[in-house]
């Protein structure tokens, strides 16, 4: 009985010992892994504080960028200066051309005239005063023309017909009245002289001449010619 009990206890003891050894190994592995993680975490600050190998290249790149910026700014300032100098040169050339165009070799302006452009001789020219007066006269003429044009436009708006049409109609009416009066006068004179009036527009009919009415007939001929000339002198081309 004792032997059987011993045999039954021995397998249980060996099993428990094996389990204990397995647990111990597992605990050792976990502890070792934890220590490794802790060491890696503690090594991060030291890794960050260590200088990197490419710091020198970054520094060189920043220096190159700064140098390029300085060069571009200097080039821009030079271009602006060149543009300003070119503009001043152009202004001087234009002022010189104007001065030569307006200068008079034989005349000079009075000494009391103050120049409007100090760097030129334009205002000291003797013709500048005449040119100014001419300019003012031209401006006055333009203003008068605009007023006259506005007046004509207003008159044309108040009338049904234009001024030209009204004038043409007046000339036509006057010519017709003169022609009619001429024909009536010829007929009355011929009737008074004993002749017979004709309907032709060329003139009076011819009756029997006598010595008593010769002078009167001659005067009427002169009157007829005068009326015809007066009618012909009217501006017929305007009616056309």
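Numbering (our numbering), first residue to last: 50 to 289. Just so it is clear, CB atoms sit at the ideal spot from N, CA and C, and this is done for glycine as well. It should be emphasised that the depicted structure is a prediction, and the values quoted were computed from it without experimental measurement.
- Rounded to the nearest angstrom, the gap between the Cα atoms of residue 114 and residue 130 is 24 Å.
- The segment 226–246 and the segment 270–278 touch, with three or more beta-carbon pairs separated by less than 8 Å.
- Within 10 angstroms of the beta-carbon of residue 239 lie 16 or more other beta-carbons, which makes it buried.
- The alpha-carbon of residue 214 is positioned some 11 Å away from that of residue 221.
- In this structure residue 235 is buried. Its beta-carbon is surrounded by 16 or more other beta-carbon atoms within 10 angstroms.
- Going by C-alpha positions, residue 281 is about 36 Å away from residue 193.
- A straight-line Cα-Cα distance of about 14 Å links residue 126 and residue 117.
- Rounded to the nearest angstrom, the gap between the Cα atoms of residue 219 and residue 182 is 43 Å.
- Between the alpha carbons of residue 195 and residue 184 lies a gap of roughly 17 Å.
- Taking C-alpha positions only, residue 272 is separated from residue 204 by approximately 40 Å.
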